[in-house]
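J.:
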Amino acid sequence: MRHYDYTPRLLWCLLTLLLLLPTGQAHGQTSERHVTARIVNAETGAPIVDVLCSAWDGERHRTAFTQSDAKGEARFRLTPQDQFLSFVLLGYTKQELRISELSGDSFTVRLQPSTTPIREVHIKARPITVRGDTLRYRVKAFAGKRDRYLEDVIKKLPGVEVKENGRIEYQGTPINKFYIEGQDPLGSNYTQASRNIPINAVDQVDVIEHNQHKRVLQGLVPSDQAALNIRLSKASRFRPFGEVSAGTGLPAPLWEGKAFLMQASPTNQLITSLKGNNTGVDLSSDFEQQHDAGSGLPQISLPSTALQTSSPQRPPLDIGRYLDDRGFNWGINDLQKLGEYSNLRINVSGYHDRRRLSSESETHYLGTTPLDLYETSQLTRSPNYYNAALRYEHNAPKRYLVGELSFGGRRSDQTEGLRSNSREYTLGLRQEPLWLQAALQTTLRLGGTVLDFVSSTRGYTAGETLRGEWTEAALPTQALYEQRRITQLHTTHQASTSFHFSHTTALHTGLEATADLRSFDTPYASLARSCSYRDLSLALDASFSYRPEGFYLSVGSPLTLEREMLQVGMRHDEATRLRIAPFFSMRASLGQHGELWLRGSYSERPDLDGYYSPSTQRRGYRLYYQSLEHLYSQQTLSSSLRLTYRNPLELFFTYLHLSYNYTTRGYYRDYTYSLDRTVSIPIDSTHHRQTFSAAGVVDKSIAPLGLSLHAELRYRHSSYISSQAQRVYQIQSDLLVPSLTMTCNKLSPLELAYTFELSSLWIHHPLTKLRPVLSLRESFEAGLPLGDRWLLGLQVVHSMNEVAPREYKHTLFGDLDAAWTVSKRIKLTARLANLWGQTSYRVTRLSATDISSFAVPLRPRELIVTATLRI
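Residues are numbered in my numbering as their position in the sequence shown, beginning at 1, plus a constant of 14.
Here's what the structure looks like:
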């Protein structure tokens with residue numbers, strides 16, 4: 015097979031673009047004018063806060079707006095098209111200025127208090143207000159009558175998205191902090207707050223754009239990530255609040271319960287939660303740790319486990335439709351302020367469950383030797399997860415210090431009864447990963463110099479045992495037993511310095527030393543079967559940043575000297591490499607509303623196997639896996655463009671994100687399928703994988719109509735190879751997913767919501783002509799209040815999936831719920847799920863190696879009644 019290396023061509027393109035950037039920026043700066051207005055009371059001379067300041071063109075179209083800050087100042091970036099400035103605040107006479115008549119770039123506006131008598135005034139606060147880089151969303155403007163918790167409202171905020179696992183994104187980028195009254199009590203596990211804080215306890219949600227958590231770096235190092243700050247209502251400050259609920263239902267024994275308590279004072283924040291149910295509500299994502307980009311500490315992925323059961327697939331349905339579980343999660347989080355800039359935080363959490371997953375599947379493997387596989391599975395999983403962390407932080411304007419000690423444990427037991435064609439398996443799998451990590455970081459600011467020191471060490475061990483037996487026809491019962499253990503010691507130490515020669519230019523240098531030591535053990539291992547991996551590296555960082563007003567450019571090329579050693583049984587391999595990783599990052603403001611980010615990078619890193627063994631490993635009931643025996647590296651060239659636009663005054667947010675990745679690897683895996691096993695072996699050969707993705711999102715709210723629209727269009731194209739039975743196929747795949755969400759609250763007393771999502775997958779296989787696979791999901795929700803105490807709700811879900819070649823099935827789901835507010839503190843709710851009594855759900859999946867169809871049983875029709883006491 016012939017391969018083309020596009021790396022030199024793409025590097026030249028990136029370099030050319032980089033050289034053109036400063037020229038384009040210089041041209042843009044000459045056509046803009048920066049002015050500062052100071053708004054004061056004409057009678058007293060006192061500064062006026064929150065004045066709406068707008069810029070207008072000659073046709074009276076608003077081109078920019080802002081609000082005056084605590085000093086009464088408002089800053090504009092004006093273009094030649096801007097003709098007028100206006101200043102408006104209730105209680106003052108509106109004032110307009112012609113820009114051409116301004117004497118300088120700094121001026122004072124004196125607003126005259128209004129003396130017009132007003133008999134009756136109806137004031138309706140704006141849903142969003144702006145102060146600098148902070149957007150303040152008024153919760154009551156977006157909350158519906160059926161919304162109960164903070165996450166329900168965050169999903170409706172224009173420009174903000176909440177993913178299925180609870181991760182919050184602003185303009186397509188994950189947030190880096192989740193503050194509550196300016197404090198960070200939860201770190202990366204903020205779903206404990208977003209999914210439990212009642213709506214009536216929150217007054218507003220702030221989105222802090224370009225949030226730089228470290229005060230020592232504010233104004234020096236910009237960030238492309240935002241943070242959320244939750245501002246509680248006056249009634250919820252300085253006193254404990256929360257709720258306790260319990261429910262039961264039919265068919266018995268159905269139950270659910272919850273206890274949540276929170277206190278947020280200026281010196282202490284305490285958040286505790288306990289939840290449990292067997293009603294299909296998934297509690298695992300409440301425990302999930304989001305990537306904490308603002309922690310300031312290294313974020314190193316944990317090694318993966320090796321052994322597995324059949325791993326039933328997940329259908330494109332709400333998990334509550336089919337999940338048979340009995341789950342609990344709990345969390346205790348306490349933040350204590352020790353001074354103006356320092357705090358001590360303790361976070362302890364746990365998740366325990368017992369899940370039953372049943373499925374039946376039919377798989378047709380592609381290739382020159384096609385194979386059909388029919389399986390039925392009864393799987394029970396019992397995960398028990400624990401996390402604990404102790405963290406001290408000192409975040410002062412001249413010094414930042416953080417120290418953290420964290421522990422994590424996962425114990426998961428799985429039992430499975432499986433029939434694969436004519437063979438029957440009984441399997442049991444236990445996995446027990448444990449890790450302990452200590453980390454320390456300090457950042458100092460000495461005039462124009464910034465010093466940064468980071469040290470992190472983690473120890474990790476994971477033991478796995480797979481045991482069972484299988485029978486087939488008249489053959490005798492065969493035992494199955496596999497055991498694995500991986501241990502890792504990972505340590506990294508970094509010292510860096512930033513020299514700020516002026517307000518706009520800086521040079522960054524640093525050294526980083528990293529050691530990654532791993533061992534892979536099997537029972538009764540001899541010297542001839544021992545496996546280990548060692549990676550020692552020393553990196554020199556050198557980068558330059560340029561940051562004039564409204565523009566940021568960073569370029570650099572870290573240099574790494576790396577020494578790798580691999581021992582796989584009697585085989586030994588080692589390599590010494592000198593790696594470079596050039597990159598550039600550019601951010602440019604496009605007026606007051608828009609922003610452009612461009613990034614490009616090239617990197618080379620070790621390409622490791624998850625587990626090394628001198629002989630073929632049995633990783634599951636049918637997967638036989640031959641590990642790598644040599645050292646490999648992986649090269650990645652990536653580039654991305656992100657264009658954002660936001661106009662809070664018009665409640666309009668949109669972004670476009672384009673990315674391209676080109677990866678080169680030194681081997682690929684060949685898969686051979688037979689009735690009783692799948693064999694995976696590595697084959698030395700340079701191959702490439704290309705991925706292009708595009709995502710466009712539009713958020714628009716039309717206040718007079720009470721209408722909110724959220725539209726998305728996502729596309730991904732991938733080109734890669736697939737190898738089956740020593741035959742290599744060039745595969746191309748295309749995934750297109752348009753979606754739309756609409757809500758309307760002006761059809762009083764009704765509240766309506768509609769969601770639409772269509773997924774289309776094409777896979778181009780040279781051996782077989784494959785049809786695209788479509789998947790459709792629609793949801794209609796309605797809420798009807800009956801007086802002040804009753805609320806009725808209805809949800810209807812329409813799903814369409816391919817269940818057989820060219821055969822699509824439409825499935826309807828329906829749920830009813832009712833809520834009775836007995837008093838301010840007591841509420842009773844009832845929910846009737848699966849109105850039409852759907853019993854199973856089948857879906858077809860398409861991949862480069864097979865076409866599979868699987869079915870899962872659904873939860874029956876259920877009635878659940880819950881009583882809630884608000885504290």
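For each residue, glycine too, the CB sits at the ideal point set by N, CA and C.
Would you check if the distance between the CB atom of N292 and the CB atom of L268 is smaller than 8 Å?
T.: A contact, by the Cβ cut-off of 8 Å.
J.: Go ahead and label N815 buried or exposed: buried means 16 or more other beta carbons lie within 10 angstroms of its beta carbon, across all protein chains shown.
T.: It is buried - the Cβ of N815 has at least 16 other Cβ atoms within 10 Å.
J.: When DSSP builds the beta bridges, which residues end up paired with N347?
T.: In DSSP, N347 forms a bridge with I285 and N361.
J.: State the DSSP-derived secondary structure class of F252, mapped to helix, strand or coil.
T.: F252 falls in the coil class under three-state DSSP.
J.: Mind checking whether T323 and E430 have CB atoms under 8 Å apart?
T.: A contact, by the Cβ cut-off of 8 Å.
J.: Starting from K714, trace the beta strand (DSSP E) in both directions and tell me its first and last residue.
T.: Where K714 is concerned, the enclosing beta strand (DSSP E) stretches over T692 to I716.
J.: From the DSSP output, in three-state form, read off P662 for me.
T.: In this structure, P662 counts as helix in the three-state DSSP scheme.
J.: Just to confirm before moving on: does the CB-CB distance between Q852 and D829 stay below 8 Å?
T.: The answer is no: Cβ separation not under 8 Å.
J.: In whole angstroms, what separates the C-alpha of R405 from that of P384?
T.: Each residue's Cα considered, the two are about 56 Å apart.
J.: So Y414 and K191 are supposed to be a Cβ contact under 8 Å. How far apart are they, rounded?
T.: Actually they are not in contact, since the Cβ atoms of Y414 and K191 sit about 14 Å apart, beyond 8 Å.
J.: Consult DSSP for F515 and reduce its assignment to one of helix, strand or coil.
T.: Here F515 sits in coil by DSSP.
J.: Could you compute how far the alpha carbon of Q497 sits from the alpha carbon of G423?
T.: Those two C-alpha atoms are separated by around 19 Å.
J.: Starting from T843, follow the beta strand (DSSP E) in both directions and report where the run begins and ends.
T.: Taken as a continuous stretch (DSSP letters only), the beta strand (DSSP E) holding T843 covers I840 to A847.
J.: Applying the 10 Å Cβ sphere with the 16-neighbour rule, what's the burial state of W834?
T.: Exposed, since its Cβ has fewer than 16 Cβ neighbours within 10 Å.
J.: On a CA-only basis, which of T286, S298, P763 and D300 is nearest L349? Give me that one, please.
T.: Out of T286, S298, P763 and D300, T286 has the C-alpha closest to the C-alpha of L349.
J.: Hey, is A207's beta-carbon within less than 8 Å of any beta-carbon in chain D?
T.: Any reference to chain D falls outside this structure, which holds one protein chain only.
J.: Would you be able to state if there are at least three C-beta pairs under 8 Å between the region 470-484 and the region 446-454?
T.: Counting Cβ pairs under 8 Å, three or more are found: they touch.
J.: When you compare each of D339, G353, R89 and T377 to Q327 by their alpha carbons, which one comes out closest?
T.: For the residues D339, G353, R89 and T377, the minimum Cα distance to Q327 belongs to T377.
J.: Report yes if the CB atom of V216 is closer than 8 Å to the CB atom of I244, and no otherwise.
T.: Cβ distance < 8 Å, so V216 and I244 count as in contact.
J.: How should K170 be labelled, buried or exposed, when 16 other C-beta atoms within 10 angstroms of its C-beta is the threshold for buried?
T.: Result: buried.
J.: Please work out which residues of its chain come closer than 8 Å, Cβ to Cβ, to K841, disregarding the five sequence neighbours upstream and downstream, and give them in chain order.
T.: The answer, listed in chain order, is A833, W834, T835, A881, T882 and R884.
J.: Apart from the five residues just before and just after S673, which ones in its own chain have a Cβ nearer than 6 Å to its Cβ?
T.: Correct list, in chain order: S654 and S707.
J.: Using 10 angstroms around the beta-carbon of M276, count the other beta-carbons present and answer buried if the total reaches 16, otherwise exposed.
T.: Looking at its Cβ environment, which holds 16 or more other Cβ atoms inside 10 Å, M276 is buried.
J.: Hey, quick one: how far does the beta strand (DSSP E) through T383 stretch, first residue to last?
T.: Where T383 is concerned, there is no enclosing beta strand (DSSP E), given that its DSSP letter is neither H nor E.
J.: In the DSSP assignment, find the unbroken beta strand (DSSP E) run with E110 in it and report its ends.
T.: Taken as a continuous stretch (DSSP letters only), the beta strand (DSSP E) holding E110 covers Q109 to R112.
J.: Give the DSSP-derived three-state secondary structure of V135 in the structure shown.
T.: In this prediction, V135 has a pLDDT of 47, which is less than 50 and means its spatial position is unreliable; nothing more can be read from the coordinates.
J.: Which of helix, strand or coil does DSSP assign to L541?
T.: Note that L541 scores 49 on pLDDT, short of 50, meaning its location in the model is unreliable; the coordinates nonetheless yield the value given after this. If DSSP states are grouped into helix, strand and coil, L541 belongs with the helices.
J.: So, does the region 627-638 touch the region 326-340, judging by three or more C-beta pairs under 8 Å?
T.: Touching, no, given that fewer than three Cβ pairs across the two stretches are closer than 8 Å.
J.: Should E57 go down as buried or exposed, given a rule of 16 or more other Cβ atoms within 10 Å for buried?
T.: Burial call: exposed.
J.: Please state whether DSSP places I878 in a helix, a strand or coil.
T.: Strand.
J.: I need the straight-line Cα distance from L806 to K289, nearest angstrom please.
T.: Those two C-alpha atoms are separated by around 25 Å.
J.: Is Y495 buried or exposed, if buried means 16 or more other CB atoms sit within 10 Å of its CB?
T.: Exposed.
J.: Using DSSP with H/G/I as helix, E/B as strand and the rest coil, what is V230?
T.: Helix, per DSSP.
J.: Does DSSP put D166 in a helix, in a strand, or in coil?
T.: The answer is helix: DSSP assigns D166 an H, G or I state.
J.: Assuming contact is defined by CB atoms lying nearer than 8 Å, are T528 and S546 in contact in what I supplied?
T.: Not in contact: T528 and S546 (Cβ atoms no closer than 8 Å).
J.: Can the beta-carbon of V879 be found closer than 8 Å to that of G261?
T.: Yes, the pair counts as a contact, with Cβ atoms nearer than the cut-off.
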